[in-house]
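Engineer: If you read the sequence shown in this note's numbering, its first letter stands for residue 4, the second for the next number, and so on.
Ideal Cβ placement from N, Cα and C applies to all residues, glycine included.
Quick one: structure below, then a few questions.
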Amino acid sequence: MPKIVFLPHEEICPEGKVVEVESGVSVCDAALANGVEIEHACEKSCACTTCHVIVREGFDSLGEPDELEEDLLDKAWGLEPESRLSCQAIVDDEDLVVEIPKYTINQVSEKH
4 MPKIVFLPHE EICPEGKVVE VESGVSVCDA ALANGVEIEH ACEKSCACTT
54 CHVIVREGFD SLGEPDELEE DLLDKAWGLE PESRLSCQAI VDDEDLVVEI
104 PKYTINQVSE KH
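Given below as structure tokens:
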């Protein structure tokens, strides 16, 4: 089974986390199922950018983003060439290293 390494994030996962996941699951679902409380304001419907992540390793194993995801990513804070919406990034058979950006453009967070 592939592994996802979530790099340390000051609020969401201060120690970082390594999780094993089934192929075919989204990075967002894998995070949430393993206690990494990544924001997902649109309930994973590809309608916002709060679940934006940067895939530091394994990016090429993910399917290509569709036009809607690319348009949304243009609005994400800290956009990088390896940025994806975690609700749309589906794990294949390769390990991933994922960074959760420090900020989102979410105007209202249920955590605060």
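Measure the beta-carbon distance from I15 to I103 and round it to whole angstroms, keeping in mind my assumption that it falls under 8 angstroms.
Structural biologist: That pair is a contact at about 6 angstroms.
Engineer: Can you tell me whether DSSP reads S29 as helix, strand or coil?
Structural biologist: Strand.
Engineer: Could you tell me the distance, in whole angstroms, from the CA atom of V111 to the CA atom of C31?
Structural biologist: Residue placement at V111 cannot be trusted, given a pLDDT of 46 that sits under 50; what the coordinates show is reported in the next sentence. C-alpha separation (whole angstroms): 19 angstroms.
Engineer: Looking only at C-alpha atoms, which of C90, D95 and G61 sits nearest to V101?
Structural biologist: Ranking the options by Cα distance to V101, first place goes to G61.
Engineer: Within 8 angstroms (strictly less), CB to CB, does A33 reach chain C?
Structural biologist: Going by chain labels, chain C is absent from the structure shown, which holds only one protein chain.
Engineer: What did DSSP end up calling E42 once you bin it into helix, strand or coil?
Structural biologist: Coil, per DSSP.
Engineer: Could you please give the first and the last residue of the uninterrupted beta strand (DSSP E) stretch that includes E72?
Structural biologist: No beta strand (DSSP E) holds E72; the alpha helix (DSSP H) holding it covers E70 to L76.
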